[in-house]
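Asker: Our numbering numbers the first residue of the sequence shown as 160 and each following residue consecutively. Got a structure for you, written out below as structure tokens; questions coming shortly.
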Amino acid sequence: MRWSLKIGRVSGIGLYLHVTLLLLFALIGYAGFVEMGTRGAVWALALVASVLACILLHELGHSLIAQRLGVQVRSITLLPIGGVAALKGIPEKPWHEIAITLSGPTINLAIAAVLLPFTGQMPRLFAISMPHDLSSFLATMVNANLTLFVFNFIPAFPMDGGRLLRAVLALVMSFPRATVIAATVGQVLAIGFVLVGLKFSLWLVIIGVFIFFGAEGEEKVVRTRGLLRDLVVEEVMARDFVVLAPTATVMRGLEMVYHTGQDDFPVMDGDRLLGIVTRQDMLDTANQRGPDTPVVEAMDSELPPLPPHTRLSDVYETMMTEGYQSLPVVQDDRLIGLLSHDNISRYLLVQSGLKPARRRAAGRTRTPAPPPVIRDAPPVAVPRSPATPPPPASPS
Ligand SMILES: [Zn+2]
């Protein structure tokens with residue numbers, strides 16, 4: 160995630176802190192200072208840091224169980240609205256999703272249970288106030304963890320409750336259908352939050368908006384993955400594209416953007432693929448280092464080559480999470496295609512425009528693909544010949 164500072168690494172998972180949290184620290188520290196001077200500021204900062212540590216443990220709970228069940232975890236990011244554990248892929252076995260989902264809130268319940276005997280008072284939900292000594296600090300920590308536990312069970316994506324609802328529904332129906340129902344429940348709740356929030360609390364409005372779009376995003380990912388499930392890269396990739404020589408200038412590449420309608424270009428030295436250069440790479444390089452810089456200095460040479468028979472749903476997720484624009488499709492060390500978001504979205508556009516019965520029946524009509532057509536960019540743009548004047552109208 161952009162604007163995130165790396166704070167550590169656990170079990171191969173990068174831990175990040177979003178910079179906006181520093182603002183939250185400053186605000187709450189200031190509020191503590193206004194209330195009780197330096198002592199108040201110290202307690203307030205200790206509270207924010209400890210609650211964040213509990214949120215981090217919650218996300219680690221999800222992540223470590225996910226790893227045990229074979230789902231890779233890319234990172235954990237702490238944001239002012241909570242923590243986000245970025246899983247590589249959504250677990251599709253309902254019991255796996257249930258286990259991963261429950262492991263987060265269970266950590267908060269456990270923290271509350273461990274601290275409770277030291278507070279000497281009854282825990283109260285949503286009662287989070289500025290601490291002024293150790294006992295009020297511990298009581299607030301218990302209340303905060305119980306609140307996190309309960310709040311996360313609201314059945315709305317991207318809260319844990321939404322995932323739990325989906326997983327339970329998926330025990331008795333298909334995964335995409337369960338996702339649609341869970342997302343709809345989440346969106347109805349989100350609208351409710353916004354309406355209630357408009358009257359009582361801005362915070363609730365923000366959470367409502369966040370949930371509404373979270374639910375929509377989750378549904379879209381699952382729907383897309385369902386449509387891409389039985390496809391392999393070769394069936395959707397671009398086969399007809401232009402490549403650039405390493406010595407071509409970025410300006411030449413940018414001209415090819417409008418001449419060909421292509422945004423990303425493989426850079427080839429003869430038969431050897433050196434990398435891929437995107438329109439944005441070329442624009443940035445042209446602006447910073449001049450239009451005559453060769454594309455070889457603007458390209459990305461670290462992109463993983465895709466074998467043509469890779470499952471498209473897996474590649475789609477990698478492209479989304481890693482932010483790849485285009486990936487080269489390579490067979491026997493030879494470039495045979497180019498896969499971009501554009502290919503995938505055009506495929507989805509075509510499929511969504513067809514009646515269900517006419518959609519591509521996966522695996523049924525796999526015709527051998529035609530060989531790719533790879534053209535080099537012409538060395539120079541061909542100037543247009545001056546327009547010949549129209550013949551004079553014949554006298555009538
Ligand atoms: Zn969670």
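For every residue, glycine included, the Cβ atom is placed at its ideal position computed from N, Cα and C.
1) Leaving out the 5 sequence neighbours to the left and right, which residues in its chain are closer than 8 angstroms to R198 when beta-carbon positions are compared?
2) What number of angstroms, rounded off, separates the C-alpha of V391 from the C-alpha of V488?
3) Whose C-alpha, out of I235, T179, A185, A200, is nearest the C-alpha of V169?
4) Quick check: the segment 368 to 388 against the segment 443 to 461, are there 3 or more CB pairs under 8 angstroms?
5) Taking the continuous beta strand (DSSP E) assigned at G434, which residues delimit it?
6) Excluding sequence positions up to five away, which residues of its chain have a Cβ less than 8 angstroms from the Cβ of I287?
7) When the Cα of F310 is compared with those of I240, L180, D399, K247, which residue comes out closest?
8) Starting from the C-beta of E218, find all residues in its chain whose C-beta is less than 6 angstroms away, skip the five residues before and the five after it, and write them out in chain order.
9) Roughly how many angstroms separate the alpha carbons of I266 and L215, rounded to a whole number?
10) Can you check whether the CB of P466 is closer than 9 angstroms to the CB of V409?
11) Look up L494 in the DSSP assignment and say whether it is helix, strand or coil.
12) H221 to T260, Cα distance in whole Å?
13) Please list, in chain order, all residues of the same chain as L348 whose beta carbon is under 6 angstroms from its beta carbon, the five residues on each side excluded.
14) Please confirm if the segment 356 to 373 is in contact with the segment 315 to 324, defined as three or more CB-CB distances below 8 angstroms between the two stretches.
15) Is the distance from the Cβ of V426 to the Cβ of M458 below 9 angstroms?
16) Using only Cβ atoms and a threshold of 6 angstroms, which residues come within that distance of a heavy atom of ligand 1? Order them by chain position.
17) Below 8 angstroms on the Cβ atoms is my guess for L361 versus A341; work out the distance and round it to an integer in Å.
18) Would you mind stating whether L174 and L237 have Cβ atoms separated by less than 9 angstroms?
19) Can you check which of these residues, C213, L486, G188, E476, is closest to F308 by C-alpha distance?
20) With distances taken between CB atoms, is the gap from V353 to V364 smaller than 9 angstroms?
21) Tell me the DSSP secondary structure of P537 in three-state form.
22) Taking C-alpha atoms, which residue in T444, I224, V232 lies nearest to G263?
23) Using C-beta distances below 7 angstroms, list every residue in its chain close to H418, excluding the 5 sequence neighbours before and after it, in chain order.
24) Rounded to the nearest angstrom, how far is the Cβ of V402 from that of D535, given a contact under 8 angstroms?
25) In its own chain, which residues sit with a C-beta less than 7 angstroms from the C-beta of G373, not counting the 5 before and 5 after it?
26) Which residue comes first and which comes last in the beta strand (DSSP E) that contains T306?
27) Within the continuous alpha helix (DSSP H) that includes R283, where are the two ends?
28) Terminal residues of the continuous alpha helix (DSSP H) containing A245?
29) Between which residues of its own chain and T480 is the CB-CB distance below 8 angstroms, once the five residues before and five after are set aside?
30) Quick check: the Cα distance between G556 and M415, rounded to an integer number of angstroms?
31) Determine whether the beta carbon atoms of F184 and V207 lie at a separation below 9 angstroms.
32) Mapping DSSP to helix, strand and coil, what is S460?
33) Would you check if the distance between the CB atom of V381 and the CB atom of L498 is smaller than 9 angstroms?
34) Using 9 angstroms as the threshold, is the C-beta distance between L330 and P253 below it?
35) On the DSSP bridge assignment, give the partners of Y175 in chain order.
Answerer: For this structure:
1) For R198, the CB contacts under 8 angstroms within the same chain, skipping 5 residues up- and downstream, are H291 in chain order.
2) Straight-line measurement puts the Cα of V488 at about 11 angstroms from the Cα of V391.
3) With distances taken between Cα atoms, V169 lies closest to I235.
4) Verdict: no, contact absent.
5) Counting along the chain, the beta strand (DSSP E) containing G434 begins and ends at 431 to 437.
6) Closer than 8 angstroms at Cβ, skipping near neighbours: T299, N302, A303, T306.
7) A check of alpha carbon separations from F310 across I240, L180, D399, K247 identifies I240 as the nearest.
8) Contacts found: I235, G242, A244.
9) If I take the Cα positions, the gap works out to 10 angstroms.
10) Not in contact: V409 and P466 (Cβ atoms no closer than 9 angstroms).
11) In the structure shown, L494 adopts extended strand secondary structure according to DSSP, grouped into three states.
12) Cα to Cα, H221 sits roughly 6 angstroms from T260.
13) In chain order, A315 place their CB closer than 6 angstroms to the CB of L348, counting only its own chain and leaving out the 5 sequence neighbours on each side.
14) With a cut-off of 8 angstroms, the segment 315 to 324 and the segment 356 to 373 count as touching, because enough Cβ pairs lie within range.
15) M458 sits close to V426, with the two beta carbons spaced by under 9 angstroms.
16) Each of H217, H221, G263, N311, D319 has a C-beta closer than 6 angstroms to some heavy atom of ligand 1; these make up the full list, in chain order.
17) At roughly 27 angstroms, the Cβ-Cβ gap does not stay under 8 angstroms, so L361 and A341 are not in contact.
18) Cβ atoms of L174 and L237: closer than 9 angstroms.
19) Ranking C213, L486, G188, E476 by Cα distance to F308 puts C213 first.
20) Going by C-beta atoms, V353 is nearer than 9 angstroms to V364.
21) P537: coil per DSSP, three-state reduction.
22) If we check each option's Cα against that of G263, I224 comes out closest.
23) Annotation for H418: no residue places its beta carbon closer than 7 angstroms to its own, counting only its chain and skipping 5 residues before and after.
24) With a Cβ gap of about 6 angstroms, V402 and D535 count as contacting.
25) Cβ contact annotation for G373 (same chain, cutoff 7 angstroms, sequence separation greater than five): F316, P317, in chain order.
26) Per DSSP, T306 belongs to no beta strand (DSSP E); it is in the alpha helix (DSSP H), 293 to 310.
27) Note, R283: premise wrong, no alpha helix (DSSP H); not H, not E.
28) Residue range 241 to 246 is occupied by the beta strand (DSSP E) that includes A245, with no alpha helix (DSSP H) assigned at that position.
29) Only residues of its own chain outside the window of five on either side were considered, and among them R233, A245, K247 have a CB closer than 8 angstroms to the CB of T480, listed in chain order.
30) Given a span of 160 to 555 for the chain in the structure shown, any question on residue 556 remains unanswerable.
31) Cβ atoms of F184 and V207: closer than 9 angstroms.
32) In the structure shown, S460 sits in coil (DSSP, three-state: anything other than H, G, I, E or B).
33) Taking 9 angstroms as the Cβ cut-off, V381 and L498 do not qualify as a contacting pair.
34) Yes, the Cβ-Cβ distance between L330 and P253 is below 9 angstroms.
35) Bridge partners of Y175: K165, T236.
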